[in-house]
Structures are given as structure tokens and as C-alpha cells.
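Colleague: Can you keep this structure in mind? I'll have questions shortly.
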Amino acid sequence: MNGTTMRAITVPSWGGPGTLTPAHLPRPVPGPTEILVRVHAAGVNPVDWKTRATGGFGMHGEPPVLGYDVSGVVEQVGPGVTLYRPGDEVFGMPEFPRQAGGYAEYVTGPARHFALKPAELTHIEAAALPLAGLTAWQALVETAGLTGGQRVLIHAAAGGVGHLAVQIASAHGAYVVGTAREDKHALLKELGADEIIDYTRQDFVTALGRTVDVVLDSVGGDYGPRSLAVLRDGGTLVTLPSPDEVPAGAGRGVRTGFTLVEPDSTGMRALAGLVAAGRLRPVVETVLPLERAEDAHRLGEAGRTRGKIVLSVREG
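The numbering used here puts the sequence shown at residues 5 to 320.
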């Protein structure tokens, strides 16, 4: 490896975790309005292993390199960039849903797909925030229009998106109800949940009745249709897994729909502001070196992780 190459994890063929392959690739060069970031840490998300298995959105490079969440240091800026300078610490989810290539030592992306890393977070913590944090922010604040005093139900509340959604909803003054196994209840209380339902022991529909203003469904399956029964007239159900998972409207002025996260520096700065105010912190359960991306995927696909899994790409 030399100054023009980098370590990366590629996917030579779509399939199981064993298809993830270490490689040396050419270091990318930033184009106009882009920055080159020396990656310190890369977040691992469900979209990563879903893409690895099937090819995902089909917007990958050659060879495919997974990963959207990154935190690192600006190495170089392209023509026209005025927001950042070499040496700035940044985090972001560039290019989504096109390939960002976060499982690598360097990434390039539009400068406005990044934000300055909050000083309160390490690179490991910051890499856990962009995709899941923006998903929760855009779904709750922008799509559902969540306001203080509303009751919000967050399914899989201790997961990657869920644990951040709990904190964002709480910071906006909502009454937060989450579904999670009992062993995760203490964490969710600490993060700001007002009420927690153990879905293995209690039906959330029976527990809540028609008392909820907003539902965030990151589970899919029958959770969407069942969630309609807990929404008040005029309530909102936001579905994350797929547009095919959106249930038919229930009348009563209930809104249902699918949202897909978008890169957004304004949203990133809002998340950073919550971090600075002590209202938001990503929970990182597991940190693995870049070369153990396969293990990270196996762990994530097991579906029992609290918070996020992060790959450490560079020390410091």
C-alpha cells in the first residue's frame, strides 16, 4: 500500500457476510464541491447487510464498497468548497442511496453532505449518528411534524434508529412510548422514554388503545397495520422498511407513508445541536476493526443489538 491506495472492504459478489473481502483500492480524489475525508470510524446499518445480500438500490461502484456513516478528518477540498478546510473534523452520510464507500480509509462526497463533528463525541460515537439520526429526525420532525405534548410510539425503540428517535422525540417535548424487550427497558428510561412495552409479553394495541398521535415503524410486517389501531383521529404513521410495508389508510384523517432518509447538512447540524445541549447521544454497543466487517454484519443481522455497531478504521 502506498500514498495513492487505501484499505477497504469490498463485495465482489452479493451474498452472505463471507462475501465481504479486504482489498487495496485507489484513493478517491475530490471533485468540484466535494471533500476528501480520512475516515476514522464507519457506522454499520441494516441497509449495509441488505445491500450486501441483494445489491440493494443498485447504485454501487466497481468494486462495491459498503458503508454510509463516517466520521473523520478533512484531508483535501475540491474546487468551490468554502465550508471546510483540511484538518476539520466532520461526520456525515454522503451520497445516500448512491455508494459512499464508508468501509474504507478515505471517502469523498459533497461538502454539504457533512457537518462539523460535535466536540462532545468521539469519532466512534459520531460515526454511529448520521444515517440513523437523520432517519429519526426526518421521520419525526419533518415528516410527522412532531410537537410538544403529542404521544409518539416508537417500535424497536432500543435499535439503531429507535434509540435516537426516543431522544429526539423527548427533546421535542413528546410523551414517548417504546416497544422493546425487558432487558432494554433500563436503557430506554435513561434515554427519555416515558413508557415501555415488552412486546414479547404484551400486545401494544391492547396496552395503548387509540391514544397515539405519531407512530414510527422500523419493523415492518404486521406492525404497520396493527399500529393503525392505536392512532388517534388525524394521527400519522411513518414506515421505514419499505414502501410495500405501508398499510392502507384507516380513514379518520390518519396519514400513512414511507420515508427514505436523505443527506442533509441542516439536519446534521440540528443533531449536533442536540448533542451539544446534552439531549442526544448515540449508544455504541460494539466496536470492531475494519477488517472484521464480516463479524459486524453477522452480529447486526442477529437483530439483538442495542444502539449501533461501529467499525474502527483509524486510531484516534
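Don't be surprised by glycine CBs; every beta carbon is placed ideally from N, CA and C.
#1: Measure the Cβ-Cβ separation of Asn-49 and Leu-157 and say whether it is below 7 angstroms.
#2: With Lys-312 and Gly-47 assumed to form a contact (beta carbons below 8 angstroms), what rounded beta-carbon distance in angstroms separates them?
#3: Please work out which residues of its chain come closer than 6 angstroms, Cβ to Cβ, to Leu-294, disregarding the five sequence neighbours upstream and downstream, and give them in chain order.
#4: Extract the residue ranges of the beta strand (DSSP E) inside the region 132-212, only unbroken runs of 3 or more that lie entirely within it.
#5: What do you reckon, are the CB atoms on Pro-32 and Gly-82 nearer than 7 angstroms?
#6: Which class does Gly-84 belong to by DSSP, given the choice of helix, strand or coil?
#7: Could you give the distance in angstroms between the alpha-carbon of Glu-249 and the alpha-carbon of Thr-204?
#8: Buried or exposed, going by whether 16 or more other CB atoms sit within 10 Å of the CB of Gly-321?
#9: Taking the beta strand (DSSP E) that Asp-237 falls in, what are its first and last residues?
#10: Bridge partners for Thr-55 per DSSP, in chain order?
#11: For Ser-75, which beta-bridge partners are listed by DSSP?
#12: Check Val-12 in the structure and name its three-state DSSP category.
#13: To the nearest angstrom, report how far apart Pro-247 and Gly-149 are at their CA atoms.
Modeller: Based on what the coordinates show:
#1: Contact: no.
#2: With 8 angstroms as the limit, Lys-312 and Gly-47 qualify as a contact, their Cβ atoms being about 6 angstroms apart.
#3: Counting only residues of its own chain and dropping the five nearest sequence neighbours on each side, Leu-294 has a CB closer than 6 angstroms to the CB of Leu-315, Val-317.
#4: Qualifying beta strand (DSSP E) stretches, in chain order: 155-158, 179-183, 199-201.
#5: The answer is no: Cβ separation not under 7 angstroms.
#6: Coil.
#7: In this model, Glu-249 and Thr-204 are separated by some 22 angstroms (Cα to Cα).
#8: As displayed, the chain neither begins before 5 nor continues past 320, which places residue 321 out of reach and without an answer.
#9: Start and end: 235-243.
#10: For Thr-55, no pairing in a beta bridge is given by DSSP.
#11: DSSP lists Ala-45, Phe-95 as partners of Ser-75.
#12: Per the sequence shown, the amino acid found at residue 12 is Ala instead of Val. Ala-12: strand per DSSP, three-state reduction.
#13: Rounded to the nearest whole angstrom, the C-alpha separation of Pro-247 and Gly-149 is 20 angstroms.
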